[in-house]
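Read left to right, the sequence shown gives residues 12 to 174 (the working numbering). Glycine included, every Cβ here is placed at the ideal spot set by N, Cα and C. What you are looking at is a predicted structure, and each value in this text was computed from that prediction instead of being measured.
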Amino acid sequence: MTETRPRLTIGADHAGFALKEALKAALVAQGYDITDAGTSNAEPADYPDFAARVARAISRGTGGRGILICGSGIGMSITANRFPHVRAALCLDAEAARLSRLHNDANILVLAARRTGTEDAVDIASVWLATPFEGGRHQRRLEKIRAIERDVCSTSSTDPEEE
């Protein structure tokens, strides 16, 4: 039986560029099909641009799973989680990566380039990619998140003071 690997869309800002390139090479060597959403060099670049490219592809169902990398991972996480159907998880170790898939069905892995070396990033990504969603009680919780998402997205007011 042939193992099917998920399609990946990967993006980084300037702080995550070197780690993105190293991780991408390791994942291609493992047989993954990767779409690189940028950046293409280490020149200063704004993380929201690359988070939006990856999150949009995941949100629309065209990008498979996503990986985002910036200096801290926080900006990418905040931006990506603005998109419908995106569950981006900042993972600083393999256990967090495992749980983000097992319990939360995370579809975007976010890495912190200033806190994560190449070897650890490959380990974190490998665990994240290999871990299935457990379902069960976690499915019920995921449905609650989806209901919140639908409610928030259908609210016409953009002013939190009006609620």
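In the structure shown, L103 falls within a coil segment according to DSSP collapsed to helix, strand and coil. Separation of F28 and R157 (C-alpha to C-alpha, rounded to the nearest whole angstrom) is 32 Å.
When rounded, the separation of the alpha-carbon atoms in R109 and N115 is 10 Å.
Secondary structure note for G86: its alpha helix (DSSP H) is the uninterrupted segment I85 to A91.
Closest in C-alpha terms to A132, from the list A66, A33 and A23, comes A33. The C-beta of C164 has fewer than 16 other C-beta atoms within 10 Å across all chains shown, which makes the residue exposed.
Residue range R148 to S165 is occupied by the alpha helix (DSSP H) that includes D162. Taking a C-beta distance under 8 Å as the contact criterion, R98 and F144 do not qualify as a contact pair. Rounded to the nearest angstrom, the gap between the Cα atoms of D47 and A36 is 11 Å. Counting only runs of 3 or more residues that sit fully inside the stretch 34–66, the beta strand (DSSP E) segments are 45–47, in chain order.
About 18 Å separates the beta carbon of G82 from that of A66, a gap too long to meet the 8 Å contact definition. Taken through DSSP and simplified to helix, strand or coil, T129 comes out as helix. Look at A29 here: in three-state DSSP terms it is helix. By the beta-carbon neighbour count (other beta carbons within 10 angstroms, threshold 16), G22 is buried. In the displayed model, R76 falls within a strand according to three-state DSSP. A check of alpha carbon separations from A68 across T166, N92, G128 and T142 identifies N92 as the nearest.
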